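Q: Residue numbers (my numbering), protein chains in the order written: chain P, 28 to 466; chain X, 9 to 355. Built from N, CA and C at the ideal position, the CB exists for glycine as well. Model, not experiment: these values are computed from the prediction.
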Amino acid sequence: MNLKIGNFFVKDIVFGEETRFENGLLTINKEEALAVVKEDEHITKADIVIVMPGDSVRLVPVKEAIEPRVRLDGRALFPGVTGELARCGQGTTHALKGCSVLVVGQHWGSFQDGLIDMAGEGAKYTYYSQLKNIVLVADTDELFEQREQQKKNRALRWAGMRLAEYIGKSVKELEPEEVEEFSLPGVLEREKSDLPNVALVLQPQSQMEELGYNDLIYGWDTNRMLPTFMHPNEVLDGAIISGSFMPCSSKWATYDFQNYPMIKRLYQEHNKTLNFVGIIMSNLNVALEQKERAAQMVASMANTLGIDGAIVAEEGYGNPDADFIACIVALEDAGVKTIGLTNECTGRDGASQPLVTLDEKADAIVSCGNVSQLIELPPMDRVIGELEALGRDGLSGGWDDDELLGPSVREDGSIIMENNAMFCGDQVVGWSPKTVKEF
Amino acid sequence: MKKAIHYINQFFGQIGGEDKADFKPEIRKGLVGPALFLNTVLDAEVTHTIICGDNFMTSNKDEAIEIIMSELEKLDFDIFIAGPAFQAGRYGVACGTICQAVQERFNVPVLTSMHEENPGVDMYKKEMIIFQGGRSAAAMRNDLKIVANYANKLLNNEELLDAETEGYFSRGIRHQVWREDGVVAADRVIDMLLKKLAGEEFNTELPIPSMEAVPIAPPIKDLSKANIAFATSGGIVPVENPDRIQSASATRWGRYDISDMDRLEAGVFKTIHAGYDPAAADADPNVCVPLDALRAYEKEGKIGKLHNYFYSTVGTGTTQGEAARMAKEMIEYFVKENVDGVILSST
Numbered sequence: 028m029n030l031k032i033g034n035f036f037v038k039d040i041v042f043g044e045e046t047r048f049e050n051g052l053l054t055i056n057k058e059e060a061l062a063v064v065k066e067d068e069h070i071t072k073a074d075i076v077i078v079m080p081g082d083s084v085r086l087v088p089v090k091e092a093i094e095p096r097v098r099l100d101g102r103a104l105f106p107g108v109t110g111e112l113a114r115c116g117q118g119t120t121h122a123l124k125g126c127s128v129l130v131v132g133q134h135w136g137s138f139q140d141g142l143i144d145m146a147g148e149g150a151k152y153t154y155y156s157q158l159k160n161i162v163l164v165a166d167t168d169e170l171f172e173q174r175e176q177q178k179k180n181r182a183l184r185w186a187g188m189r190l191a192e193y194i195g196k197s198v199k200e201l202e203p204e205e206v207e208e209f210s211l212p213g214v215l216e217r218e219k220s221d222l223p224n225v226a227l228v229l230q231p232q233s234q235m236e237e238l239g240y241n242d243l244i245y246g247w248d249t250n251r252m253l254p255t256f257m258h259p260n261e262v263l264d265g266a267i268i269s270g271s272f273m274p275c276s277s278k279w280a281t282y283d284f285q286n287y288p289m290i291k292r293l294y295q296e297h298n299k300t301l302n303f304v305g306i307i308m309s310n311l312n313v314a315l316e317q318k319e320r321a322a323q324m325v326a327s328m329a330n331t332l333g334i335d336g337a338i339v340a341e342e343g344y345g346n347p348d349a350d351f352i353a354c355i356v357a358l359e360d361a362g363v364k365t366i367g368l369t370n371e372c373t374g375r376d377g378a379s380q381p382l383v384t385l386d387e388k389a390d391a392i393v394s395c396g397n398v399s400q401l402i403e404l405p406p407m408d409r410v411i412g413e414l415e416a417l418g419r420d421g422l423s424g425g426w427d428d429d430e431l432l433g434p435s436v437r438e439d440g441s442i443i444m445e446n447n448a449m450f451c452g453d454q455v456v457g458w459s460p461k462t463v464k465e466f
Numbered sequence: 009m010k011k012a013i014h015y016i017n018q019f020f021g022q023i024g025g026e027d028k029a030d031f032k033p034e035i036r037k038g039l040v041g042p043a044l045f046l047n048t049v050l051d052a053e054v055t056h057t058i059i060c061g062d063n064f065m066t067s068n069k070d071e072a073i074e075i076i077m078s079e080l081e082k083l084d085f086d087i088f089i090a091g092p093a094f095q096a097g098r099y100g101v102a103c104g105t106i107c108q109a110v111q112e113r114f115n116v117p118v119l120t121s122m123h124e125e126n127p128g129v130d131m132y133k134k135e136m137i138i139f140q141g142g143r144s145a146a147a148m149r150n151d152l153k154i155v156a157n158y159a160n161k162l163l164n165n166e167e168l169l170d171a172e173t174e175g176y177f178s179r180g181i182r183h184q185v186w187r188e189d190g191v192v193a194a195d196r197v198i199d200m201l202l203k204k205l206a207g208e209e210f211n212t213e214l215p216i217p218s219m220e221a222v223p224i225a226p227p228i229k230d231l232s233k234a235n236i237a238f239a240t241s242g243g244i245v246p247v248e249n250p251d252r253i254q255s256a257s258a259t260r261w262g263r264y265d266i267s268d269m270d271r272l273e274a275g276v277f278k279t280i281h282a283g284y285d286p287a288a289a290d291a292d293p294n295v296c297v298p299l300d301a302l303r304a305y306e307k308e309g310k311i312g313k314l315h316n317y318f319y320s321t322v323g324t325g326t327t328q329g330e331a332a333r334m335a336k337e338m339i340e341y342f343v344k345e346n347v348d349g350v351i352l353s354s355t
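(1) Quick check for students: name the residue ranges of the alpha helix (DSSP H) that lie wholly in the region 113-148 of chain X, counting only runs of 4 or more.
(2) In the DSSP assignment, what are the bridge partners of M449(P)?
(3) Consult DSSP for A337(P) and reduce its assignment to one of helix, strand or coil.
(4) Using a C-beta to C-beta distance shorter than 8 Å, which residues of chain B count as neighbours of T373(P)?
(5) Could you round the C-beta distance between I338(P) and L205(X) to whole angstroms and report it? I think they count as a contact, below 8 Å.
(6) For a quick check, are the C-beta atoms of M188(P) and V108(P) less than 8 Å apart?
(7) With 8 Å as the threshold, decide whether the Cβ of M289(P) is near any Cβ in chain X.
(8) Can you name the residues that DSSP bridges to D429(P)?
(9) Less than 8 Å between CB atoms is the rule here; does M200(X) satisfy it with respect to chain P?
(10) Which complete beta strand (DSSP E) runs does the region 196-249 of chain X hold, if anything under 3 residues is left out?
(11) Start and end of the alpha helix (DSSP H) containing R102(P)?
(12) Got a sec, what are the start and stop residues for the beta strand (DSSP E) W186(X) sits in?
(13) In or out: T326(X) buried (at least 16 other Cβ within 10 Å) or exposed?
(14) Name the chain X residues that come within less than 7 Å of N397(P), Cβ to Cβ?
(15) Check each candidate in A335(X), L39(X), K134(X) and name the one with the smallest Cα separation from T105(X).
(16) With a threshold of 8 Å between beta carbons, is T212(X) in contact with chain P?
(17) Is any beta-carbon of chain P found at less than 8 Å from that of A335(X)?
(18) Go to Q6(P), then tell me how far its alpha helix (DSSP H) extends in each direction, as first and last residue.
(19) DSSP on A282(X), reduced to helix/strand/coil?
(20) Considering only residues of the region 33-60 of chain X, which uninterrupted alpha helix (DSSP H) runs meet the minimum length of 4 residues and lie entirely inside it, listed in chain order?
(21) Are the CB atoms of V162(P) and L215(P) within a distance shorter than 8 Å?
(22) Quick one: residues in its chain with C-beta nearer than 7 Å to the C-beta of V49(X), no 5 flanking neighbours on either side, listed in chain order?
(23) Short of 6 Å in beta carbon distance, which residues of its chain neighbour V41(P), apart from the five on each side in sequence? Order them along the chain.
(24) Going along the chain, which residues of its own chain have a beta-carbon closer than 8 Å to the beta-carbon of F45(X), five neighbours each way excluded?
(25) Does the pairing of the region 300-312 of chain X with the region 195-203 of chain P give three or more beta-carbon distances under 8 Å?
(26) The beta strand (DSSP E) that contains T119(P), what's its start and end?
(27) Secondary structure at K72(P), three-state DSSP: helix, strand or coil?
(28) For V393(P) and chain X, any beta-carbon pair shorter than 8 Å?
(29) Listing by chain order, which chain P residues have their CB less than 8 Å from the CB of G190(X)?
(30) Could you give the residue range of the beta strand (DSSP E) that holds N68(X)?
(31) By Cβ distance, which residues of its chain are closer than 7 Å to D292(X), with the 5 residues on each side in sequence left out?
(32) Compare the C-beta of L205(X) against all C-beta atoms of chain P and say whether one is closer than 8 Å.
(33) Would you report the Cα separation of E330(X) and Q254(X), rounded to the nearest angstrom?
(34) Of all the options E172(X), A102(X), R179(X), which has the alpha carbon lying nearest to the alpha carbon of N68(X)?
(35) Strictly by DSSP, which residues pair up with I161(P)?
(36) For the region 247-278 of chain X, which residues have a CB atom closer than 9 Å to at least one CB atom of chain P, in sequence order?
Right, dumping it as structure tokens:
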């Protein structure tokens, strides 16, 4: 399968008469863009704001991030989700680079939502402070979940995807500045080499039994799937979208899937130091039998494919650590040399056990952060969304009050929170410049 | 200038060798033995030297601590340094003992240094910063320089780096840090993977600690006479959540009187746990805290008595440390109210 991603580097974003891209300048017709957002009658209020790295802006509750893209063959950007089912991973996609569509709740936050500071000390905690962001701030009539801590955030997430697709269309007819090509021959059609066969095992979020909260693969809920083999291009090309459940620093946004750095890194090594066989897509279900079944199937698939080395990455912590460790142990027992890619929960004082389960066979782990680290940040000039949501609505890293620390949100607009609520802060997909050290 | 106090044993205090190991602690104004050198490398004035016999500290611990504390009460100091103790076992334990006492009483930073084989390391490394020192007094200057380097950062409010970089024994505390070289996770994975595949040495970023297995309790001999309590991390609480238990990363717990109930009614109890779908537990809280089944067991005589309260907190995101603390607080009630066994449910 061969995928071409034509890149257009965005240098500035402004509102204007016509949605178009020229010489690095992305112009958005706000009215037209908002009409696309409001195609769903459940969107009751919506606005679009442009924020740049260095702006004194705090965004919260941030629900999702998507890279604006368009498929040249007219296929939906996320088949099975925003349009009819179609194959992902081959053909040509155009992408606007250096920017993202961020979806922010105008009022209501939920467990999985996060915070982004575009400037100051807080900016270092998330990748998304480095991007030029087209921020959709909206509210919905989904009253059934308005006061619930767990929200599907369906209308908002889908509106974000439509908006990303609408903006992406501005580069459909243009010549890209750069073309990235991702190509792997069929597994059995590769030239014989002595390079080790390597697979990437992904464990996207799938913990909720009720549909609507989990990551979707071609529109299919990951809770209802068994491990399966996929081409890496499918992930890069919209086959999978982020869900609405995971504490935010552990979350993989849809943007993260579209740009998955660990996949791109494996492509760089392909045919040089290793043979990148492909992706074993697993999940993170909650019942013990489901965890064991998935781990065993991953190991069988690895043996069937003749995998020598594997990387296991989990989207989550806590209960999913059991899947993560079980999968590593099953692979090691199957003779596959395995690296784990995860974050940790060592507590605010750093003294707790880093993963819920541990096993000495998991002897090679790259660690991307501590979800429970306390972060204190000064006020920003402007808040987009609603700052109170951090403390009021049960965001995983916020609280309404605490005996020792006081409320998360203070009267002067300064905040104290756990890393848990930093938007995709631990960057387990591969961007993380953080690690965890002993003190 | 800030002030420091240095603790040393009878040998380095120039009192004498093994024959003087019973020497009672004395505090002296000014510098004795290694304190002279410490004073030259520290960004603080070493105002006093404490000298104590190793045997006296280890055999008369309470008395030794009390003598030293009563002297320290009269002084003003910003940091407390003991040793280095090298491989000397009793000296190492003495350094750990006095550092712990000073830390608790005065809440000032305490630092010491020992060789890794010194038994004081395992006894005290979780309680304080112990630098990795040499085997013998030949390493004195070097060891003190390492201690002073860290002490100076503390005194000057400079950034403190991790245990390995600073040269002390890990306290079992793990914090996130930004790598100086900025190498991102994907690159680190490839580096580790290629080394592991080639059979070369690699360094995991999450060393798996040796397991602390909790022994399984012996069975209750006669369940029909036992007083059984029920505890859950599934977040079942009265609907108003009177103890304001957090729905994730909990630090609070509650116990709720069930003495006049045969089951937990929906609408009276619910779950506040944010880590699982609450629908089933809200509709019937007995699926998480099975009061109905336990009452049936009580009537059948399978268990002697159901304890009058159930105990509840939330497990999702809750750290092991907080969980252990909450359990210890619950245990006080279990012991006081003669509970023989506890059933623990998760989610």
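A: This is what the structure gives:
(1) Scanning the region 113-148 of chain X for uninterrupted alpha helix (DSSP H) segments of 4 residues or longer gives 127-132, listed from N- to C-terminal end.
(2) For M449(P), which the question treats as bridged, DSSP gives the partners L142(P).
(3) Correct three-state label for A337(P): strand.
(4) This model lacks chain B altogether, as its protein chains are P and X.
(5) With a Cβ gap of about 11 Å, I338(P) and L205(X) do not count as contacting.
(6) Going by C-beta atoms, M188(P) is nearer than 8 Å to V108(P).
(7) Judged by the 8 Å Cβ criterion, M289(P) is in contact with chain X.
(8) D429(P) is not bridged to any residue.
(9) M200(X) has a beta carbon lying within less than 8 Å of a beta carbon in chain P.
(10) DSSP runs (the beta strand (DSSP E)) wholly in the region 196-249 of chain X: 235-240, 244-246.
(11) R102(P) -> no alpha helix (DSSP H), and no H or E assigned at all.
(12) W186(X) -> beta strand (DSSP E) spans 182-186.
(13) Taking every protein chain shown into account, the CB of T326(X) has 16 or more other CB atoms within 10 angstroms, so this residue is buried.
(14) Neighbours of N397(P) in chain X, taken as residues whose beta carbon is under 7 Å from its own, are R182, H183, Q184 in chain order.
(15) Here the closest residue by C-alpha is K134(X).
(16) Yes, contact with chain P.
(17) Not closer than 8 Å to any Cβ of chain P, the Cβ of A335(X) fails to qualify, so no.
(18) Outside the displayed span of chain P (28 to 466) sits residue 6(P), for which this structure offers no information.
(19) Looking at A282(X) - three-state DSSP - the assignment turns out to be coil, as it is neither helix nor strand.
(20) 43-49, all fully within the region 33-60 of chain X.
(21) Not in contact: L215(P) and V162(P) (Cβ atoms no closer than 8 Å).
(22) Non-local beta-carbon contacts of V49(X) in its own chain, meaning distances under 7 Å to residues more than five positions away in sequence, involve L152, K153, A156 in chain order.
(23) So the qualifying residues of the chain are T54.
(24) Closer than 8 Å at the Cβ level, and outside the excluded window around F45(X), lie M148, R149, L152.
(25) As far as the Cβ criterion goes, the region 300-312 of chain X does not touch the region 195-203 of chain P, which means the pair count is below three.
(26) Secondary structure note for T119(P): its beta strand (DSSP E) is the uninterrupted segment 118-124.
(27) If DSSP states are grouped into helix, strand and coil, K72(P) belongs with the strands.
(28) Chain X, which has a Cβ nearer than 8 Å to the Cβ of V393(P), makes this yes.
(29) Per Cβ cutoff of 8 Å: P460.
(30) Neither: N68(X) is in no beta strand (DSSP E) and is coded neither H nor E.
(31) The beta carbon of D292(X) sits closer than 7 Å to those of A274, all from its chain and outside the five residues before and after it, given in chain order.
(32) With its beta carbon less than 8 Å from one in chain P, L205(X) belongs to the interface.
(33) E330(X) and Q254(X): Cα-Cα distance of roughly 13 Å.
(34) Measuring C-alpha to C-alpha distances from N68(X) to each of E172(X), A102(X), R179(X) identifies A102(X) as the nearest.
(35) Within the DSSP bridge table, the entry for I161(P) names I77(P), V128(P) as partners.
(36) When CB distances to chain P are screened at a threshold of 9 Å, the residues of the region 247-278 of chain X falling below it are R252, Q254, S255, A256, S257, T259, R260, in chain order.
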